[in-house]
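Below is one structure; the comments refer to it alone.
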Amino acid sequence: MNIRQKVSLLLILLSIMLALLPLTANRSFSEKPSKLLAEVLGADVSVTVDEVAEFIVREDPDVRLIDLRPADVFIKEAIPGAVNVPYSEFIRSDPDTWISNREVRTIFYSTGNSEADYALVYARGMGYNNCYIMAGGITEWVRTVLDTKFSGGRITARENALFETRRRAGEMYTEYSSLPDSLKAKFLESKKFSAKKLDGGCE
Amino acid sequence: MKFLRQYPFVLIVFLLMVVLVLFRSFGGNNFRYDAARWAESSVKGSNLLTVDQLSAMTGAVLVLNLGDEADLPGQLRPKTVIMRPESITGKENLRLIRKHRGPVILFSDDASTSARVWMILSEMGMRDVYILRDPGAVAE
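Chains as they are written, first to last, in the working numbering: chain A, 313 to 515; chain B, 865 to 1004.
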């Protein structure tokens, strides 16, 4: 048997082995468990709702919000600019579809924390180190940003700036949430369309 | 096999690949193939246990208390182990979890800690791991 035949035989055997592996084998965690654990238990994987409010007010292009709640909940109210990827869809599809752009910071949020926590570990386990969660989810967002109130006689410049950011983010949230469903859908579509156009560049 | 034995080079490379795949699939300290499959119970919510469900469980139950001070009332701790969350992937701790025959329940004051630890253990191939839902209700 010459070398070509040997290599052919080897390839056939390896192909058989590959065929026996699950189709989604490429979607597996690549980090070491201990390293991943230390990473996801650290405080720097969370961003506060105030930070998110600031991103929204500034319309920061380097941040992408992913809303993991079901579509029917998302359509009722959501943070402006967030993309809805229900948790089940996120897990069952290729994460690359949603978080492939590592240039931007991806922030997950859900109603509370749990689904965002799962998604965070899932994404980071696969090497998407640009993923974070909004601590407390929408519950915390409503409590901190929407229910923010000015109280007391004196306020520092820093507190004033924080209050102003919350107020503006809250207004944007309320305005966006009060749009009819059709307009929200159009708004999201227009965002997608713009992204595609930008990908293409100038002609 | 006789045919393969005539070509040791092919046999050696093939066996090496098989060993690597088996190690990757069943090695105790690594993540398993097919992340989506191991995360599926979090989609269905079947990885969550209520206090009542835990109370009704018979047989060996291992409760891992991931909190510093939080504690379960006596009737709910057939076998409670306090474990710091960051040390859960340590050899001893993993051995304890793997050796246990029966459900392993994660309990923490901070729901985020339980959820993150659950995902890691699940992706390591541990099926019978659950999160105790609403642990605040237990302490009351």
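For every residue, glycine included, the Cβ atom is placed at its ideal position computed from N, Cα and C.
None of these values were measured; they are calculated from a predicted model.
In chain B, which residues lie less than 7 angstroms from residue i when you measure between Cβ atoms?
i	result
V433(A)	R980, M983 and I984
D429(A)	S976, A979 and R980
I411(A)	By Cβ distance, chain B contributes nothing, its closest Cβ being about 14 angstroms from I411(A), past 7 angstroms.
S327(A)	By Cβ distance, chain B contributes nothing, its closest Cβ being about 11 angstroms from S327(A), past 7 angstroms.
A350(A)	E950
S426(A)	A975 and A979
Step through the CB atoms of chain E and report whether any lies within less than 9 angstroms of the CB of residue i.
i	result
L322(A)	No chain E appears in this structure, whose protein chains are A and B.
Tell me whether residue i is buried or exposed, calling it buried when 16 or more other Cβ atoms sit within 10 Å of its Cβ.
i	result
M329(A)	exposed
V968(B)	buried
R339(A)	buried
I952(B)	buried
A447(A)	buried
V981(B)	buried
G513(A)	With a pLDDT of only 45 at G513(A), under 50, the local geometry of the prediction cannot be trusted, and no value is derived from it.
N425(A)	buried
F462(A)	exposed
V319(A)	exposed
R991(B)	exposed
Would you mind stating whether residue i and residue j have Cβ atoms separated by less than 9 angstroms?
i	j	result
A899(B)	Y434(A)	yes
F873(B)	L326(A)	no
P398(A)	Y440(A)	no
L377(A)	F386(A)	no
A481(A)	G449(A)	no
P345(A)	I984(B)	yes
V359(A)	R436(A)	no
N911(B)	V993(B)	yes
E415(A)	D374(A)	yes
Contact check, residue i vs residue j under 8 angstroms by CB: the rounded distance?
i	j	result
L996(B)	L960(B)	With a Cβ gap of about 18 angstroms, L996(B) and L960(B) do not count as contacting.
F420(A)	C443(A)	7 angstroms
H964(B)	L926(B)	5 angstroms
P949(B)	L353(A)	6 angstroms
Name the chain B residues whose beta carbon is nearer than 9 angstroms to that of residue i?
i	result
M438(A)	A899
I403(A)	A899, A900, A903, E904, S906 and V907
Residues of chain A with CB closer than 7 angstroms to the CB of residue i, please, in chain order.
i	result
S906(B)	Y430
E987(B)	F341 and G437
Closest by CA to residue i, which one among the options?
i	options	result
W282(A)	E389(A), T418(A), N413(A) and E371(A)	Limits of chain A in this structure are 313 at one end and 515 at the other, which puts residue 282(A) out of reach.
I946(B)	G966(B), A924(B), D973(B) and T922(B)	D973(B)
V361(A)	T486(A), R455(A), S489(A) and L491(A)	R455(A)
S1007(B)	V319(A), P392(A), E483(A) and I445(A)	Residue 1007(B) lies beyond the stretch modelled for chain B, which goes from 865 to 1004, so this question has no answer here.
D379(A)	S422(A), A469(A) and I467(A)	S422(A)
Could you tell me which chain A residues have their CB closer than 9 angstroms to the CB of residue i, listed as they occur along the chain?
i	result
R896(B)	S340 and F341
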